[in-house]
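Engineer: Have a look at this one.
There are 2 protein chains.
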Amino acid sequence: MNIGEAAKASGVSAKMIRYYETTGLIPKAERRDSGYRDYSPADVHNLRFIRRARDMGFAVAEINELLGLWRDRSRHSADVKRIASAHVEQLSARIAAMEEMRSTLQTLIGCCAGDDRPDCPILADLEEPGVAVRPDAQARLRERAITNRRG
Amino acid sequence: MNIGEAAKASGVSAKMIRYYETTGLIPKAERRDSGYRDYSPADVHNLRFIRRARDMGFAVAEINELLGLWRDRSRHSADVKRIASAHVEQLSARIAAMEEMRSTLQTLIGCCAGDDRPDCPILADLEEPGVAVRPDAQARLRERAITNRRG
DNA sequence: ATGGGGCTTGCCATCATGGCAAGGTCAAGG
DNA sequence: CCTTGACCTTGCCATGATGGCAAGCCCCAT
Numbered sequence: 274m275n276i277g278e279a280a281k282a283s284g285v286s287a288k289m290i291r292y293y294e295t296t297g298l299i300p301k302a303e304r305r306d307s308g309y310r311d312y313s314p315a316d317v318h319n320l321r322f323i324r325r326a327r328d329m330g331f332a333v334a335e336i337n338e339l340l341g342l343w344r345d346r347s348r349h350s351a352d353v354k355r356i357a358s359a360h361v362e363q364l365s366a367r368i369a370a371m372e373e374m375r376s377t378l379q380t381l382i383g384c385c386a387g388d389d390r391p392d393c394p395i396l397a398d399l400e401e402p403g404v405a406v407r408p409d410a411q412a413r414l415r416e417r418a419i420t421n422r423r424g
Numbered sequence: 274m275n276i277g278e279a280a281k282a283s284g285v286s287a288k289m290i291r292y293y294e295t296t297g298l299i300p301k302a303e304r305r306d307s308g309y310r311d312y313s314p315a316d317v318h319n320l321r322f323i324r325r326a327r328d329m330g331f332a333v334a335e336i337n338e339l340l341g342l343w344r345d346r347s348r349h350s351a352d353v354k355r356i357a358s359a360h361v362e363q364l365s366a367r368i369a370a371m372e373e374m375r376s377t378l379q380t381l382i383g384c385c386a387g388d389d390r391p392d393c394p395i396l397a398d399l400e401e402p403g404v405a406v407r408p409d410a411q412a413r414l415r416e417r418a419i420t421n422r423r424g
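Same order as they appear, the protein sequences are chains A and B.
So the first sequence is numbered by our numbering: it starts at 274 and just counts up by one.
So the second sequence is numbered by our numbering: it starts at 274 and just counts up by one.
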């Protein structure tokens, strides 16, 4: 199986398959006389595992650990669970940070006329945080944003 | 004002101030005879705007647009609002993608004993999606989105 | 005048991915 | 058999925002 076929079958691009090989995430592929890499169904199975883990947001270093545990028949599921839990924590932290950004921006957007006049609470807040929108107005707007998405 | 003082006053690291200068986000700083960059309070004001916009997750290219509108006294607030709204959309998309990852992982984690035995639904799902857990969680992950960028 | 801290530039690294280019290989059809 | 087009190879460059390191110069206080 050529790298292009393996790519289609696994969902991992040929470019990334080569990259994973150079970084040691996957073993070096067999080569044919032509120099072409040759992949077995087992290799594709491996790649699909990687692809799936990437889809869940795991970093390559974490996937390396997961692959090790996957291969280790005497693994402890606690180790897998610990990696996954740490990743969930990381996801939660990033989600929270982005939600805070979004909330702030939605408040400001809700205060912006969005017409052809120059006055803009969004710019005003970037210039001097908290001056353009008083906290109580912010709180009201946040409530509306949550309960009624068209404020 | 030296770059270090400007950095402290603005919250932007000296390194990033130089970077913003090379990329043209901010104009080239005045230089003293020694070659040291010299910053005015207005420069710091500029940098704080940038810092704040970064805190809200705007990319540097977007901040460039925002700075242009900030300086333009004949701007239309609609243009600012459009940029901010687009960014909120982007944040929402990333948040949704990460929430789906988290949801899937939490389901799997909830099915994992987390002990010293090797059986692990997390690995099982990475190997063969949807076999270890209910099918509805599987359907969600099929949608794959761009998720790894910082907000 | 000396020492320590700040400034300069420049280069490297991150992380996962895409793109481009020059050249070799394979398979199908004339 | 030869051409053609699709595919493979390696290698280098770019991304985006940030940190680190290093060699060398500058400034101020003792």
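Just so you know, even glycine gets a beta-carbon here, dropped at the ideal spot from N, CA and C.
(1) With a threshold of 16 other CB atoms inside 10 Å of the CB of B/T380, please say whether the residue is buried or exposed.
(2) Under 7 Å Cβ to Cβ from B/K301, same chain only, skipping five residues before and after it: list those, please.
(3) Does B/D311 come out as helix, strand or coil in the three-state DSSP assignment?
(4) Can you name the residues that DSSP bridges to A/E303?
(5) Note down the Cα distance separating A/D345 from A/H318, rounded to an integer number of angstroms.
(6) Answer yes or no: do A/A326 and A/L339 have a C-beta to C-beta separation smaller than 7 Å?
(7) Check whether the Cβ of A/I368 lies closer than 7 Å to any Cβ atom in chain B.
(8) Using beta carbons (cut-off 7 Å, strictly below), is A/C384 in contact with chain B?
(9) How about B/R348 and A/P391: are their beta carbons less than 7 Å apart?
(10) Note down, in chain order, all residues in the stretch 375 to 406 of chain B with a beta-carbon under 7 Å from any beta-carbon belonging to chain A.
(11) For B/R355, which residues in the same chain have their Cβ closer than 8 Å to its Cβ, ignoring the five residues on either side in sequence?
(12) Quick one: Cα of A/I368 to Cα of B/D352, how far?
(13) With burial defined as no fewer than 16 other Cβ atoms inside 10 Å of the residue's Cβ, what is the status of B/E373: buried or exposed?
(14) Compare the Cα-Cα distances from B/P402 to each of B/I323, B/L378, B/R324 and report the closest residue.
(15) Between A/G330 and chain B, is the shortest Cβ-Cβ distance under 7 Å, so that the two count as touching?
(16) Measure the beta-carbon distance from B/A280 to B/I290 and round it to whole angstroms, keeping in mind my assumption that it falls under 8 Å.
(17) Which term fits A/E278, buried or exposed, when burial requires 16 or more other beta carbons within 10 angstroms of its beta carbon?
(18) On the CB-based measure, 16 or more other CB atoms within 10 Å of its CB, does A/G308 come out buried or exposed?
(19) Any chance the CB of A/M374 is under 6 Å from a heavy atom of the ligand FMN?
Structural biologist: Taking the structure as given:
(1) buried
(2) E294
(3) strand
(4) A/D311
(5) 16 Å
(6) yes
(7) yes
(8) no
(9) yes
(10) R375, T377, L378, Q379, L381, I382, C385, A386, G387, D388, D389, R390, P391, D392, C393, I395, L396, L399, E400, P402
(11) none
(12) 27 Å
(13) buried
(14) B/L378
(15) yes
(16) 6 Å
(17) exposed
(18) exposed
(19) Here there are no bound small molecules, and the ligand FMN is not part of this structure.
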